[in-house]
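S.K.:
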Amino acid sequence: MSALTTLLEAALLIALVGGWMVVFALTGFDRLMSYVSASAAAPATIAFIHSMFLVLGLPTAPQATAAASIILPIAAIVIVQRRSEASLSTATAAVSALGVPALLAVAVVSRLIRFERATPDTLLYLAHARLLRNNSSLFLESADLAERGLGVSSYHSLASLFDNDLFAAMQLNIGVASCAVIFATSRYLIARTHSARVATLAATVGTVFIAVTDRFVFSHQLVGQHGLVGLQLGATVMLAVSLHEVPERLRGIAIVSIALIGASVATARPEGVLSVTYLLFLLAVSGLISLGERSSDMSRLVVGILIFTFP
6 MSALTTLLEA ALLIALVGGW MVVFALTGFD RLMSYVSASA AAPATIAFIH
56 SMFLVLGLPT APQATAAASI ILPIAAIVIV QRRSEASLST ATAAVSALGV
106 PALLAVAVVS RLIRFERATP DTLLYLAHAR LLRNNSSLFL ESADLAERGL
156 GVSSYHSLAS LFDNDLFAAM QLNIGVASCA VIFATSRYLI ARTHSARVAT
206 LAATVGTVFI AVTDRFVFSH QLVGQHGLVG LQLGATVMLA VSLHEVPERL
256 RGIAIVSIAL IGASVATARP EGVLSVTYLL FLLAVSGLIS LGERSSDMSR
306 LVVGILIFTF P
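Per my numbering, the sequence shown starts with residue 6, numbered consecutively.
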């Protein structure tokens, strides 16, 4: 693949993920949380845009899908900025300093190393992606749609924008973000009983140990749902646990963002909506979510997931 197409792929990845990173940074999350959340929200946005286009009978051409998927987080940035006291320039600078180089590196590495593995299911995902990019109504008639959903096929359908069949950078970024979920979750839990230094060291060792295992690597190499669903479930938990830290005026935006990610799981797997709803129920009764007098936030979150799942 030429340097130009690699740069185009990197630019698309940065545009799709970077916008959401700014949204989450403005909402008050740290850089790591913003990166994880944005990496889960970007493919969720593409799948949601595709579902809306299909319901409305609009073309699902990759140009229109990519444009709409980039505009949505930009609109969220405008809304959050109006309600937030955080500086847009500060949030953008923080994302640019960390997110842009990281996403660019992921895109380059994804081209230097042929990371993907194919199975018979891969052909179905790529067939769905081809139908989406060709605006084919046959997509909705696929007998496999209910089991495989929109998530994976949606973001791979954009690969034709840089003359490829696979959006390899997005897939590799999902794997990197999954490592970040493991690290952040481990550090959070260990820090409850140990110092920050011990928590960081232990979380790093644990993350590396898991990331090099054959099962973890293989599940993220496959062109399939495994990596995407795992990341989005992890991001949903992380955001829900941190929801009480979001200022009241921004909590509605945060809930919508979590609902978008959770709904992507619900549409990617037949049992997804039950899995996400049950997971949030467990969090609600576990004590990890400190909503205080705002217990209605959890019900609003579940309703939001159901609304995003409806199309």
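We put the beta carbon where it would ideally sit given N, CA and C, even for glycine.
1) According to DSSP, is L13 helix, strand or coil?
2) Starting from H225, trace the alpha helix (DSSP H) in both directions and tell me its first and last residue.
3) Less than 8 Å between the CB atoms is what I'm expecting for A173 and V234, so what's the real figure, rounded?
4) Less than 9 Å separating the beta-carbons of H55 and L155?
5) Is it the case that the Cβ atoms of L131 and L171 are separated by a distance below 9 Å?
6) Could you tell me which uninterrupted beta strand (DSSP E) segments, each at least 3 residues in length, are contained entirely in the region 20-53, listed from first to last along the chain?
7) Could you pull out every residue in the same chain whose Cβ sits closer than 7 Å to the Cβ of A47, ignoring the five residues on either side in sequence?
8) Please report the straight-line C-alpha distance between L7 and L109, rounded to a whole angstrom.
9) By Cβ distance, which residues of its chain are closer than 7 Å to A71, with the 5 residues on each side in sequence left out?
10) Please classify P67 as buried or exposed, where buried requires at least 16 other C-beta atoms within 10 Å of its C-beta.
11) Would you check if the distance between the CB atom of F188 and the CB atom of T212 is smaller than 9 Å?
12) Among the residues of its own chain, which have a CB less than 6 Å from the CB of H225, if the five just before and after it don't count?
13) With a cut-off of 8 Å on the beta carbons, I'd call Q86 and L31 a contact; round off their distance for me.
14) Would H249 be called buried (16 or more neighbouring beta carbons within 10 Å of its own) or exposed?
15) Considering only the alpha carbon of each residue, which of A15, A81 and P64 lies closest to F29?
16) Under a three-way DSSP split, which group does R323 fall into?
17) Looking at C-alpha atoms only, which residue of T50, L194, V228 and Y283 is the closest neighbour of I79?
18) Just to confirm the assignment, what range does the alpha helix (DSSP H) spanning D168 have?
19) So, using beta-carbon positions, are A45 and Q237 closer together than 9 Å?
20) Smallest Cα separation from F58: which of T282, N140 and L117?
21) Starting from T127, follow the alpha helix (DSSP H) in both directions and report where the run begins and ends.
22) Given this structure, state the Cα-to-Cα distance separating V114 from A15, to the nearest angstrom.
23) Can you tell me the Cα-Cα spacing of A112 and H133, whole angstroms?
24) Confirm, please, whether the CB-CB distance from F221 to L177 is below 9 Å.
25) What is the DSSP secondary structure of R119, reduced to helix, strand or coil?
26) Within the continuous alpha helix (DSSP H) that includes T198, where are the two ends?
27) To the nearest angstrom, report how far apart A245 and L285 are at their CA atoms.
28) Are the CB atoms of T205 and V242 nearer to each other than 9 Å?
29) On the three-state DSSP scale, how would you describe G297?
M.R.: On the basis of the supplied data:
1) helix
2) D219 to Q226
3) Actually they do not touch by this definition, with Cβ atoms about 19 Å apart.
4) yes
5) yes
6) none
7) L21, V22 and W25
8) Before going on, a small fix: residue 7 reads as Ser here, not Leu. C-alpha separation (whole angstroms): 15 Å.
9) L17, L163 and L166
10) buried
11) yes
12) G180 and G232
13) 6 Å
14) exposed
15) A81
16) Limits of the chain in this structure are 6 at one end and 316 at the other, which puts residue 323 out of reach.
17) T50
18) D168 -> no alpha helix (DSSP H), and no H or E assigned at all.
19) yes
20) N140
21) P125 to R138
22) 10 Å
23) 23 Å
24) no
25) coil
26) No alpha helix (DSSP H) holds T198; DSSP gives it neither H nor E.
27) 8 Å
28) no
29) Note that G297 scores 48 on pLDDT, short of 50, meaning its location in the model is unreliable; the coordinates nonetheless yield the value given after this. DSSP places G297 in coil when its eight states are reduced to three.
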